[in-house]
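I have placed the structure first, in the form of structure tokens, so that the comments after it can refer back to it.
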Amino acid sequence: MDRPAAPLPTPTRDRDAAAQQGALPAPRALHAALLRAPDALLVLRDPAPGVRPAPGQPGAASDYVPTLPDIFVAIRADGRVLAFNGHVDLGTGIRTALAQLVAEELDVAFERVEMVLGHTDAAPNQGPTIASASIQISAVPLRRAAAQARAWLVARAAERLGVAAATLRVDDGVLRGPDGVTTDYWQVLAGGGAHLRVAAPDIEVRLKPAHEHRVVGRAVARVDIPAKATGVLSFVHDVRLPGMRHGRVIRPPYAGRDAGAFVGKSLLQVDEASVRHLPGHVQVVVQGDFVGVVADREEQAMRAARTLRVQWAPVPPAPALDDLAAALRAIPAVHRPLRSEGDVDAVLNAAATDQARTLAADYVWPYQMHASIGPSCAVARWDEDRLTVWSGTQNPHMLRIDLDRLLGIGEDRIEIVRLEAAGCYGRNCADDVGADAALLARAVGAPVRVQLSREQEHVWEPKGAAQLMQVRGAIDAEGRLAACDFDTRYPSNDAPLLALLLTGRVDAGPRTLEMGDRTAVPPYRYPALRVGCHDVPAIVRSAWLRGVSALPNSFAHDCFIDELAERAQADPVQYRLDHLDDSRARELLAAVAAHAGWRGEAGSRGTAQADGCLRGRGVAYARYVHSRFPGFGAAWSAWVVDLAVDPVRGRVRVDRVVVGQDTGMMVNPDGVRHQIHGNVLQTLSRVLKERVQFDEQGVRSREWGAYPILDFSEVPPIEVVLMPRQDEPPMGGGESASVPGAAAVANALFDATGLRWRAPPFTPDVLRAGLGR
Numbered sequence: 016m017d018r019p020a021a022p023l024p025t026p027t028r029d030r031d032a033a034a035q036q037g038a039l040p041a042p043r044a045l046h047a048a049l050l051r052a053p054d055a056l057l058v059l060r061d062p063a064p065g066v067r068p069a070p071g072q073p074g075a076a077s078d079y080v081p082t083l084p085d086i087f088v089a090i091r092a093d094g095r096v097l098a099f100n101g102h103v104d105l106g107t108g109i110r111t112a113l114a115q116l117v118a119e120e121l122d123v124a125f126e127r128v129e130m131v132l133g134h135t136d137a138a139p140n141q142g143p144t145i146a147s148a149s150i151q152i153s154a155v156p157l158r159r160a161a162a163q164a165r166a167w168l169v170a171r172a173a174e175r176l177g178v179a180a181a182t183l184r185v186d187d188g189v190l191r192g193p194d195g196v197t198t199d200y201w202q203v204l205a206g207g208g209a210h211l212r213v214a215a216p217d218i219e220v221r222l223k224p225a226h227e228h229r230v231v232g233r234a235v236a237r238v239d240i241p242a243k244a245t246g247v248l249s250f251v252h253d254v255r256l257p258g259m260r261h262g263r264v265i266r267p268p269y270a271g272r273d274a275g276a277f278v279g280k281s282l283l284q285v286d287e288a289s290v291r292h293l294p295g296h297v298q299v300v301v302q303g304d305f306v307g308v309v310a311d312r313e314e315q316a317m318r319a320a321r322t323l324r325v326q327w328a329p330v331p332p333a334p335a336l337d338d339l340a341a342a343l344r345a346i347p348a349v350h351r352p353l354r355s356e357g358d359v360d361a362v363l364n365a366a367a368t369d370q371a372r373t374l375a376a377d378y379v380w381p382y383q384m385h386a387s388i389g390p391s392c393a394v395a396r397w398d399e400d401r402l403t404v405w406s407g408t409q410n411p412h413m414l415r416i417d418l419d420r421l422l423g424i425g426e427d428r429i430e431i432v433r434l435e436a437a438g439c440y441g442r443n444c445a446d447d448v449g450a451d452a453a454l455l456a457r458a459v460g461a462p463v464r465v466q467l468s469r470e471q472e473h474v475w476e477p478k479g480a481a482q483l484m485q486v487r488g489a490i491d492a493e494g495r496l497a498a499c500d501f502d503t504r505y506p507s508n509d510a511p512l513l514a515l516l517l518t519g520r521v522d523a524g525p526r527t528l529e530m531g532d533r534t535a536v537p538p539y540r541y542p543a544l545r546v547g548c549h550d551v552p553a554i555v556r557s558a559w560l561r562g563v564s565a566l567p568n569s570f571a572h573d574c575f576i577d578e579l580a581e582r583a584q585a586d587p588v589q590y591r592l593d594h595l596d597d598s599r600a601r602e603l604l605a606a607v608a609a610h611a612g613w614r615g616e617a618g619s620r621g622t623a624q625a626d627g628c629l630r631g632r633g634v635a636y637a638r639y640v641h642s643r644f645p646g647f648g649a650a651w652s653a654w655v656v657d658l659a660v661d662p663v664r665g666r667v668r669v670d671r672v673v674v675g676q677d678t679g680m681m682v683n684p685d686g687v688r689h690q691i692h693g694n695v696l697q698t699l700s701r702v703l704k705e706r707v708q709f710d711e712q713g714v715r716s717r718e719w720g721a722y723p724i725l726d727f728s729e730v731p732p733i734e735v736v737l738m739p740r741q742d743e744p745p746m747g748g749g750e751s752a753s754v755p756g757a758a759a760v761a762n763a764l765f766d767a768t769g770l771r772w773r774a775p776p777f778t779p780d781v782l783r784a785g786l787g788r
């Protein structure tokens, strides 16, 4: 193979060039420089407004149109390839996978491609990074742009060489003709670049078929890990600016609540004199219920925040949430029918004469946290009338909209530079702390870094909402599924930016989104089916968490069919297979069961074994169906769980998890495996440990002792089954493996104890109470 004319870039691909030297990224300057470069081939999109959220769905709408075009792919004569995507990498590995897609379509070495993700002044606005859609949806324009660039380069090279374009073969940018004559992309661009418009979706662009792939489908090490392992600037927590000061915020006493007449209107008095004696040139900033302090050093700001005397008006007690099912039923709701097939009531009434053929059950999901290990942090700087915020946000362009609503300066004067932060898989306090920093920086006239305390992160992050699923069903005389009546309640919204509420810029009234319907329709064949969603406002500050409402809905679906299979005296795996019409679902479930050695044997069912433990095995299947109903599917997933229960101590030990996933085309199989492992660990933690506690003030779980998560000693062996589907479109894989996990654990607990468990988390106190200990 000929050596490429241009050497491989020496910096790693996971940061902008400036950041690779230990400096901060400069996305605005990078974008402008590329547009001016005479030797650059750019595939770009004319300025356009951002994605508008569908009615009832999360997101922020704006009519803002940038003045400069969006770049998707940029190829330079020096051998660099830059690719731009509006989504961000939350530890999911999309920075690596997107680079693989670009390298594949361009026929260049993977090492050449540098991804630029999320920066508002460089990356296109493609909406928030949610719903496992980065590869499934947002990668498509990037692939097409790379393919367009390759076609242009090949055509220009063919013209230069005097050969037909179809006769050229490309390897890392080197083009070889049939008679051995060669050139390369970089020589072509030395003669001048071009600006190509991204082809409209209805215009055909040839993408490589799977059998031609050399980079996609190959395991590639994540490109972000070396910098994190060696301490190169990656995390927003490490940002330092000249003249930077440190801020801390003092939150109001209505812990974790963001709706009510008292929100933004409870501050009575701030005694600024109480901190005048402290070192660090302490300044106090007050706007509505927003209170913050700024000092020269971080420890000085922390001390000032503890010392500042603040007086608040009494606030109403928080709603009682000890009985979640009752609290969820009591919320005023709007019922939204989702699916109706057959005469459900007639079938249920006919089966009611035989109690063995009918079942009614309520499943209750708790409030849970994102529980990001690192508290949220941001840095803000004002340059005259322009604001720059360095942020770990999941939604950079949405944060820009919110900051404009807060500050009223115009989106064109706000830049969000996105850096790594603690993962969230939903919305934690990353956006909130960015607004805190912006308000404090404007007030004191200097760059300000704000980091939340652990208590503030725990209390104020938008929780994963509690959920109530009420299900009635029946089987026929032969034991087949006959009817299902399913209703779900999910009190959540999109948790407006906290500073908007505390300063009174937006109303703190109740808000309702239509987000409880994810995977609400069961995957199994019920001849009579009725599915509905009760849309309800949030009780406490809540937004989306991994799996959104799909995980609780699937928990109910797959626990319920397990109970019906028991009534039908059928094997749980075979019963599911008998009622699944989706061939890919059937193949996946069968493959996972075979790998796990499923034989349909019953577990302890309440009878302790010689060592005193109860042992059981459970299965569950789901496909994550998300976005506005009826939505669309991401990857298919199935679990088999083996566990043991100590009935005296109430402790659950997971001994083995076999988890399978059909992701369609896998860009990076190792990345998919890593994602699945992460899903398994987080789901086990949520199912066995995690539950937010409340009192009359609001959130009571304010530190790790009150909100334990899975630790290293509790990690089980995890065996992953991946379906070979490289000829199929890629499916979103970031959340799918989490969705069936809770039901698999609950079904294994039934197999071990002989009791049904319908309300996670299955903590020792819950297990002991259920077992009568």
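For the sequence shown, my numbering begins at 16 and goes up steadily by one. Quick reminder that beta carbons are idealized off the backbone N, C-alpha and C, glycines included.
- In this structure, Gly460 is the residue among Gln326, Asn443, Gly460 and Leu343 with its C-alpha nearest to the C-alpha of Arg396.
- In the three-state reduction of the DSSP assignment, Leu579 falls in the helix class.
- Buried is the label assigned to Thr698, since at least 16 other Cβ atoms lie within 10 Å of its Cβ.
- The alpha helix (DSSP H) runs lying completely inside the segment 331 to 413 and spanning 4 residues or more are 339 to 345 and 359 to 366, given in chain order.
- Counting C-beta atoms within 10 angstroms of its own C-beta, His350 has fewer than 16 neighbours from the protein chains shown and is therefore classed as exposed.
- Within 10 angstroms of the beta-carbon of Asp369 lie fewer than 16 other beta-carbons, which makes it exposed.
- Following the DSSP letters along the chain, one finds Asp491 in no alpha helix (DSSP H), marked with neither H nor E.
- By the C-beta criterion, the segment 176 to 190 is judged to be in contact with the segment 107 to 122, since at least 3 inter-stretch pairs fall below 8 Å.
- Taking the CA atoms as reference points, Pro538 sits about 26 Å from Ala348.
- Here DSSP, grouped into helix, strand and coil, assigns Gly307 to strand.
- By the criterion of a C-beta distance shorter than 6 Å, Trp559 is surrounded in its chain by Gly441, once the five residues flanking it on both sides are discounted.
- Beta-bridge pairing by DSSP links Glu430 to Thr403.
- Look at the beta carbons and you see the segment 104 to 114 touching the segment 680 to 700: at least three pairs across the two are nearer than 8 Å.
- DSSP, reduced to helix, strand and coil, places Cys574 within a helical segment of the structure shown.
- Each residue's CA atom was taken as its position, placing Met130 and Val702 some 35 Å apart.
- Annotation for Ser598: the continuous alpha helix (DSSP H) segment containing it runs Ser598 to Ala611.
- Between Val231 and the set Leu467, Glu718, Leu604 and Ile150, the nearest pair of CA atoms involves Ile150.
- The beta carbons of Ala514 and Ala450 sit closer together than 9 Å.
- Counting of Cβ neighbours within 10 angstroms places Leu97 among the buried residues, the total reaching 16 or more.
- Using a C-beta cut-off of 8 Å, the segment 755 to 765 makes contact with the segment 655 to 671, since at least three inter-stretch Cβ pairs fall below that distance.
- Under the three-state reduction of DSSP, Arg60 is assigned to strand.
- Beta-bridge pairing by DSSP links Tyr200 to no other residue.
- Counting only runs of 4+ residues, the alpha helix (DSSP H) found wholly inside the segment 89 to 172 occupies 109 to 121, in chain order.
- As computed with DSSP, Leu595 is found in a beta bridge with Tyr539.
- Pairing Thr322 with Leu402, the inter-Cα distance amounts to about 30 Å.
- Leaving aside the five residues that flank Pro156 on each side, the residues in its chain whose CB is nearer than 7 Å to its CB run, in chain order, Phe87 and Val213.
- The Cβ-Cβ distance between Arg372 and Ala492 falls below 9 Å.
- Excluding residues up to 5 positions away in sequence, Arg561, Gly562, Leu566, Asn694, Gln697 and Thr698 lie with their Cβ nearer than 7 Å to the Cβ of Ser753 in the same chain.
- Per DSSP, reduced to three states, the secondary structure at Glu729 is helical.
- Looking at the backbone, the Cα of Gly747 and that of Val285 are separated by about 49 Å.
- Arg706 sits buried, since 16 or more C-beta atoms from the chains shown fall within 10 Å of its C-beta.
- A distance below 8 Å between beta-carbons, with the five flanking residues on each side excluded, links Trp327 to the following residues of its chain, in chain order: Pro267, Pro268, Ser281, Leu282 and Leu283.
- Per DSSP, reduced to three states, the secondary structure at Thr768 is helical.
- Here Arg740 is buried. Its C-beta has 16 or more other C-beta atoms within 10 Å.
- Taking C-beta separations shorter than 6 Å and ignoring five residues to either side along the sequence, the partners of Ala234 in its chain run Pro684 and Asp685, following chain order.
- For the pair Val58 and Arg464, the Cα-to-Cα distance works out to about 36 Å.
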